[in-house]
DNA sequence: GACCAGGTCCTTG
DNA sequence: CAAGGACATGGT
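In our numbering, the protein residues as written are 399 to 618.
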């Protein structure tokens, strides 16, 4: 067994963040389908805005695979307007729901498939890219997958860790095998990204300063 | 008013 | 492959 510096650093970061921010309890949703909807709606969009869209769907009793699959696209677009890119997202959301309904009947039925297979399947859907697919796998289907988003890439870059999404994913999944750890870690990284590791960083009080190249003025 | 937000797709070089 | 534009609302 060889101890890698990178692994130790990643593990250390996880524990610092957990201590600093506490347990995140992601994904904030009542059903697995709600995770899927949220994952689409939050693409390049603040969760604050997504919540409004989800609220609209719930108030219309539409947060259901079968119902969205039958909903008029223009009406759907109107409801999810606050989440931005709403015309695109309405089309994609309805299409994705239709296809999943046809192929599986419901989200839960996707759990029986191999992780690799579901990943491939999800990526084939228009509007589902790497991050959305990973989010669905981890948070809707409870598959042990690490979600790499733009915050993660930025944070790893600032820490001097691997910056390519597949490298990040490999490294993290090599350390954390447990679904709950993977869920927690991604949520914690988003929390750090939102509050400290921004494009214009808030280094004061950032819990990861001692690991940050940027803070030490070594790059950027 | 500028900039950013829990991306993805399509087109170009 | 990398880079650039389109998609759009709402908060700081």
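For glycine and all other residues, C-beta sits at the position ideal for the given N, C-alpha and C.
Does the distance from the CB of residue i to the CB of residue j come in under 7 angstroms?
{"i": "residue 557", "j": "residue 609", "result": "yes"}
{"i": "residue 604", "j": "residue 553", "result": "no"}
{"i": "residue 490", "j": "residue 539", "result": "no"}
{"i": "residue 492", "j": "residue 471", "result": "yes"}
{"i": "residue 455", "j": "residue 463", "result": "no"}
So residue i and residue j are in contact, right, with Cβ under 8 angstroms, and what is the actual spacing, rounded?
{"i": "residue 582", "j": "residue 421", "result": "7 angstroms"}
{"i": "residue 481", "j": "residue 451", "result": "4 angstroms"}
{"i": "residue 409", "j": "residue 573", "result": "6 angstroms"}
{"i": "residue 580", "j": "residue 590", "result": "Contact flag wrong, Cβ pair sits at about 16 angstroms."}
{"i": "residue 494", "j": "residue 526", "result": "7 angstroms"}
{"i": "residue 534", "j": "residue 520", "result": "6 angstroms"}
{"i": "residue 559", "j": "residue 428", "result": "Actually they do not touch by this definition, with Cβ atoms about 35 angstroms apart."}
{"i": "residue 577", "j": "residue 536", "result": "7 angstroms"}
Looking at C-alpha atoms only, which residue of the options is the closest neighbour of residue i?
{"i": "residue 548", "options": "585, 495, 423", "result": "585"}
{"i": "residue 568", "options": "542, 591, 592, 593", "result": "542"}
{"i": "residue 546", "options": "539, 540, 561", "result": "561"}
{"i": "residue 611", "options": "555, 563, 598, 575", "result": "555"}
{"i": "residue 483", "options": "459, 442, 416", "result": "442"}
{"i": "residue 439", "options": "614, 529, 598, 602", "result": "529"}
{"i": "residue 445", "options": "465, 431, 424, 430", "result": "424"}
DSSP three-state label for residue i, please.
{"i": "residue 478", "result": "coil"}
{"i": "residue 614", "result": "coil"}
{"i": "residue 439", "result": "helix"}
{"i": "residue 562", "result": "coil"}
{"i": "residue 483", "result": "coil"}
{"i": "residue 429", "result": "coil"}
{"i": "residue 419", "result": "helix"}
{"i": "residue 473", "result": "helix"}
{"i": "residue 496", "result": "helix"}
{"i": "residue 603", "result": "coil"}
Inset, instruction - Go through the stretch 566 to 599 residue by residue and report every complete run of the alpha helix (DSSP H) that reaches 4 residues or more, in order. - result: At a cut-off of 4 residues, the continuous stretches assigned as alpha helix (DSSP H) that sit fully inside the stretch 566 to 599 are 577 to 593.
Legend entry - Sequence ranges, alpha helix (DSSP H) only - wholly within the stretch 513 to 555, length at least 4: The stretch 513 to 555 is shown to contain whole alpha helix (DSSP H) runs of 4 or more residues at 513 to 521, 528 to 533, in chain order.
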